[in-house]
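Worksheet: one structure, shown below.
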Amino acid sequence: QSMCGYIIMLYGVQLVWPSKRQTLVATSTAHEELMSIAYAVRESVWLKCTME
């Protein structure tokens with residue numbers, strides 16, 4: 147298993163910067179990157195809904 151992390155910024159301020167061990171096993175580097183993007187998008191959608 148590998149680590150996943152990302153930073154979400156708004157106007158130069160870090161809002162979210164999680165780092166966690168992924169529960170799924172990636173079969174390739176591309177798969178790993180897509181899983182990280184999916185986590186970041188899910189968090190971004192939640193933040194957008196919260197801020198509206």
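Numbering (the numbering used here), first residue to last: 147 to 198. Just so it is clear, CB atoms sit at the ideal spot from N, CA and C, and this is done for glycine as well.
Cβ neighbour criterion (16 or more within 10 Å) applied to cysteine 150: Counting from one through the sequence shown, the residue named residue 150 turns up at place 4. Per the 10 Å Cβ criterion, buried.
Taking the CB atoms as reference points, tell me whether valine 159 and glutamate 189 lie closer together than 7 Å. Position 13 of the sequence shown, counted from the first residue, corresponds to residue 159. Position 43 of the sequence shown, counted from the first residue, corresponds to residue 189. By the CB criterion at 7 Å, valine 159 and glutamate 189 fall outside the cutoff.
What are the boundary residues of the beta strand (DSSP E) that includes serine 165? Residue 165 sits at position 19 when you count from the first residue of the sequence shown. Element bounds for serine 165: 165–167.
My guess is that methionine 155 and leucine 170 are in contact by the Cβ rule of under 8 Å, so how many angstroms apart are they, rounded? In the sequence shown, counting from the first residue as 1, residue 155 sits at position 9. In the sequence shown, counting from the first residue as 1, residue 170 sits at position 24. Here methionine 155 is actually not in contact with leucine 170; their C-beta atoms are around 26 Å apart, not less than 8 Å.
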